[in-house]
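Residue numbers (UniProt numbering): 1 to 379. Ideal placement from N, C-alpha and C gives every residue a C-beta, glycine not left out. A short write-up of the structure that comes next.
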Ligand SMILES: C[S@@+](CC[C@H](N)C(=O)[O-])C[C@H]1O[C@@H](n2cnc3c(N)ncnc32)[C@H](O)[C@@H]1O
């Protein structure tokens with residue numbers, strides 16, 4: 001059997017999910033950067049395409065990306081590609097046999113899958129596609145249930161569901177390497193989370209943010225607007241120690257009104273620590289405390305490897321900060337002095353950037369949501 005060093009010029013194909021399209025490139029680049037690898041796409045690279053072909057990586061690098069990526073569905077070692085099945089055949093027949101042979105010998109078992117993007121193929125058509133690949137020198141035995149090697153024919157019918165071409169725009173064939181972490185979106189869904197609030201961050205987006213922040217094992221991550229701790233849940237999953245602050249006493253102490261439809265008050269154990277416990281990462285919990293992000297309580301030092309947060313936008317969550325008598329210009333006839341005052345969006349982000357500049361370690365990342373107004377997308 002050939003060793004991996006005798007297999008050369010390998011290209012890898014990523015199949016990406018078509019949601020959060022703008023977040024995919026920074027996610028994959030951040031994950032590659034975590035292992036010190038460059039992002040080298042093929043010449044035909046199109047960012048919005050569900051298929052990306054990458055150069056200059058090893059199978060181990062690709063497995064590393066897939067062990068973290070929420071944007072990528074699957075990865076393949078690319079054996080051939082083309083605009084038509086004839087081009088694919090030529091490409092496959094030119095693929096070095098020493099790259100193929102370790103996975104095709106007579107004692108091996110295998111299966112070929114057919115995947116179509118933006119088109120559904122009838123079962124009979126799938127079988128026809130597989131039968132047509134008989135030119136490949138498979139010597140092993142087909143095993144549908146538990147094959148040693150899985151191969152995939154992937155047909156791309158473009159991204160316009162209202163204009164599906166008869167023939168695919170592009171076709172790929174490769175050996176399946178690994179699936180991404182899309183399952184985390186379901187397993188960590190806020191729907192089944194122990195402690196939630198009105199603005200709990202979606203699980204998939206939380207994991208993507210943790211990836212953008214390059215959060216890794218034993219990092220210390222801080223969320224200054226922690227809410228119910230969805231971002232801490234994601235970071236702790238990747239092995240980071242997590243802490244946070246929030247101005248809201250009830251949120252930090254898991255008290256007050258429940259955000260669940262059929263429940264009036266929060267239960268005794270509804271808090272961020274319990275959320276981490278639910279996912280088996282309680283040991284990564286450092287602490288959370290009540291604190292106003294506009295008034296830092298931290299010592300002047302580079303404390304955090306990443307700051308990752310979802311500040312209040314004033315739409316679903318009010319933007320408040322603590323105030324005192326001296327902050328308020330009180331009209332002479334008014335006796336009541338509010339304990340909080342408006343915290344303007346521009347101040348929130350200025351404070352966050354200043355705080356991060358002072359408290360992130362060198363090379364540490366700040367990842368946050370910034371509300372933008374795009375009149376062209378308003379219906
Ligand atoms: C959009 S929510 C964060 C949601 C959180 N990511 C989660 O998954 O639950 C914003 C949070 O900022 C908190 N907040 C508002 N003003 C604050 C301030 N001045 N300092 C700290 N936290 C504040 C709110 O209480 C709220 O919990």
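Within this structure, are the beta carbons of residue i and residue j separated by less than 8 Å?
i	j	result
residue 400	residue 62	Since the first residue shown for the chain is 1 and the last is 379, residue 400 is missing from the structure and cannot be characterised.
residue 307	residue 224	yes
residue 14	residue 57	no
residue 12	residue 78	yes
residue 462	residue 204	No answer is possible for residue 462: it lies beyond the span of the chain, which begins at 1 and ends at 379.
residue 226	residue 245	yes
residue 145	residue 30	no
residue 24	residue 34	no
residue 290	residue 242	no
residue 312	residue 369	no
residue 174	residue 138	no
residue 230	residue 206	yes
residue 156	residue 50	yes
residue 266	residue 255	yes
Need the endpoints of the alpha helix (DSSP H) that residue i sits in, please.
i	result
residue 358	345-359
residue 235	230-237
residue 223	Looking at the DSSP string, residue 223 is not in any alpha helix (DSSP H); the run it does join, the beta strand (DSSP E), is 220-223.
residue 64	59-66
residue 21	21-34
residue 247	Residue 247 -> no alpha helix (DSSP H), and no H or E assigned at all.
Beta strand (DSSP E) containing residue i: first to last residue?
i	result
residue 163	Where residue 163 is concerned, there is no enclosing beta strand (DSSP E), given that its DSSP letter is neither H nor E.
residue 156	149-156
Name the one or two DSSP bridge partners that residue i has.
i	result
residue 77	12 and 175
residue 384	Lying outside 1 to 379, the shown extent of the chain, residue 384 is not represented and no answer is given.
residue 41	54
residue 368	309
residue 17	In the DSSP output, where bridge partners are listed per residue, residue 17 has none listed.
residue 374	According to DSSP, which records beta bridges pairwise, residue 374 is partnered with nothing at all.
- Message: Within 8 Å, do at least three Cβ pairs link the region 295-310 to the region 208-215?
- Response: yes
- Message: Three Cβ pairs or more, each shorter than 8 Å: is that satisfied between the region 279-294 and the region 232-247?
- Response: yes
- Message: Does the contact criterion of 3 or more C-beta pairs under 8 Å hold for the region 172-191 versus the region 65-74?
- Response: yes
- Pairing CB atoms from the region 116-131 with CB atoms from the region 147-166, are three or more of them under 8 Å? yes
- Which residue spans inside the region 78-152 form an unbroken beta strand (DSSP E) run of at least 3? 109-117
- Length-filtered (4 minimum) alpha helix (DSSP H) runs lying within the region 269-313: 272-278
- Item | Completely contained alpha helix (DSSP H) runs for the region 181-214, where each covers 4 or more residues | 183-187 and 203-212
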